[in-house]
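Numbering follows the numbering used here, with no gaps: position 252 of the sequence shown is 238.
Scroll down for the structure; my scribbles are underneath it.
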Amino acid sequence: MNEQAVRRAISSHKSVADPFRRDPRIVLAAARRRHLHRAPLGWAELGQPARDLRELRDVARRSAWWDTSALAMPDPVEVYFHAALIGYRVDDSSFYSTRKPSHTEREAFQIAKEMLLEPQPSLWVDRLDMPMFDSLRERVCALTPYFVVPDPQNRPHLIRQFWVVATGPDTVRWLALEVDSESRQTEEMRASDRALDASLDAEGVEVYRLAGWWFRIDPYRAIVEFFRAAGLLRRDARMHGEERLRTINDYICECCGNPMDRSEAHSIQDVLHDDSEFTVHYDCVGELQRGEGMPAGERRRIA
């Protein structure tokens, strides 16, 4: 057992209020329809998505692409300055009242970039699912943080994650991924979000909203659920622990009895032992296979 990892998981679990720990939902809202957009001729052959996809602004009537190679989210004030420089109407209050990205939003973007840049075989029970995931990664043309959407009645809206996904040789989809915190779960905030989502849908953007608290426990699974909701991954591709771990409260190691989180792709593993399958910490795999896991009533929990 890795005590440092367990203490981190305990802290993550405590940061989520009980009603949300019991809520199995990861995708809070999903686009009701898909939109296909024509891509500029020859865009697939250029091999430079960041440069090439700027041409899409003529199709999309948008021009505030941020750096698609960014590994971290920029300060939104920088994005507003950039938007103002290229012609958006941005009032002065935008530079003073805009909140910085939360830790959860940063985590969501960094995990998404990691999953696109590096193979993640340790996520999957069946390694045969890797070619399917590789195909998805090849179809993602761009992922940019803080994509600017103009609003004639207000300051521009910043989409937290904007995805461009190829669906054919000359068509793409535009996906907006928003990570909602617990504070946005009031009826007033949800109504505001629904109105915004409807306006983006009218512009051809598919909006998906994920539960931010899940990113504290299992950010990889949250991104995979986004891929599934958007129809980018098969639903039968099984991640380690997925069948047993229905809610955050279920993220308990079946070897040591302590809380788990998936802070790295391999942190949670399904292990076959004595003809039974157990979901355990990566660091508990060896103990379980040696028969050192304690019965439930005798497990050594870390306070």
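Every residue, glycine too, gets a C-beta built ideally from N, C-alpha and C.
Mapping DSSP to helix, strand and coil, what is residue i?
i, result
"L274", "helix"
"R195", "strand"
"L71", "helix"
"V76", "coil"
"M225", "strand"
"A251", "coil"
Can you tell me the Cβ-Cβ gap for residue i and residue j, rounded? I've got them flagged as a contact below 8 Å.
i, j, result
"D166", "R195", "5 Å"
"P131", "Q147", "6 Å"
"R141", "S80", "5 Å"
"R214", "T265", "With 8 Å as the limit, R214 and T265 do not qualify as a contact, their Cβ atoms being about 20 Å apart."
"S62", "K86", "As written in the sequence, residue 62 is Pro, which differs from the Ser given in the question. The Cβ separation is near 7 Å, so the contact holds."
"L22", "A251", "Actually they do not touch by this definition, with Cβ atoms about 31 Å apart."
"D247", "S88", "Not a contact, Cβ separation roughly 18 Å."
"I97", "I209", "6 Å"
From which residue to which residue does the beta strand (DSSP E) around residue i run?
i, result
"A146", "According to the sequence provided, residue 146 is Arg. The question's Ala does not apply to it. First-last of the beta strand (DSSP E) with R146: 143 to 152."
"H267", "262 to 267"
"V126", "126 to 135"
"R159", "157 to 166"
"V257", "254 to 259"
Would you mind stating whether residue i and residue j have Cβ atoms separated by less than 8 Å?
i, j, result
"R180", "I12", "no"
"E192", "R159", "yes"
"V65", "L144", "yes"
"G1", "R123", "Note on identity: in this sequence residue 1 is Ser, with Gly being the wrong assignment. In this structure, R123 does not lie closer than 8 Å to S1 by Cβ."
"L161", "A216", "yes"
"A(-5)", "P245", "yes"
"R232", "V111", "no"
"G277", "D256", "no"
Could you spell out where the alpha helix (DSSP H) holding residue i opens and where it closes?
i, result
"H(-1)", "-11 to 0"
"V210", "205 to 215"
"P5", "4 to 7"
"Q96", "89 to 103"
"S185", "173 to 188"
Using the DSSP secondary-structure output, state which residues sit across from residue i in a beta bridge.
i, result
"R24", "T157"
"I238", "P245"
"V13", "L196"
Counting only C-beta atoms, is residue i closer than 8 Å to chain C at any point?
i, result
"L14", "Any reference to chain C falls outside this structure, which holds one protein chain only."
With a threshold of 7 Å (Cβ to nearest heavy atom), would residue i be considered close to the ligand NAP?
i, result
"R214", "The ligand NAP is not part of this structure, which contains no ligands at all."
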